[in-house]
Amino acid sequence: MTLRSVLVMLALAGATFAGPEVTELKVDVVSVPEGCSTKSKNGDMLTMHYTGTLDNGNKFDS
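Using mature numbering (1 follows the signal peptide of the UniProt record, and there is no 0), the letters of the sequence shown correspond one by one to residues -18 to -1, 1 to 44.
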């Protein structure tokens, strides 16, 4: 068996036991600007500020 074959099998085994399936995604809108007439369109580059938190309040991304 080549090293590549072993690595492929390990990757497939890892993907099989990766963890529980995500069944629900929650997105909250915290604020909406009043009177904003600028709308995004296909191809626009957008930026945003956000903080990702888990259900227990731990921050994982910002």
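Every residue gets a Cβ at the ideal spot worked out from N, C-alpha and C, and that includes glycine.
Quick caveat, the model's predicted, so the values are computed rather than measured.
D43 - containing beta strand (DSSP E), residue span: The residue given as residue 43 occupies position 61 in the sequence shown. Boundaries of the beta strand (DSSP E) around D43: 41 to 43.
Neighbourhood of T35 by C-beta, 6 Å cutoff - its chain only, sequence neighbours within 5 removed: Walking along the sequence shown from the start, residue 35 turns up at place 53. Hits under 6 Å: K41.
Whole-angstrom C-beta distance between S19 and residue 50, which should lie under 8 Å: What the structure shows of the chain is the stretch from -18 to 44, and residue 50 is not part of that stretch, so it cannot be assessed.
Of the listed residues E3, S44, P15, nearest to H31 (C-alpha basis): Within the sequence shown, numbered from 1, the residue matching residue 31 stands at position 49. Taking only the C-alpha atoms, the option nearest H31 is S44.
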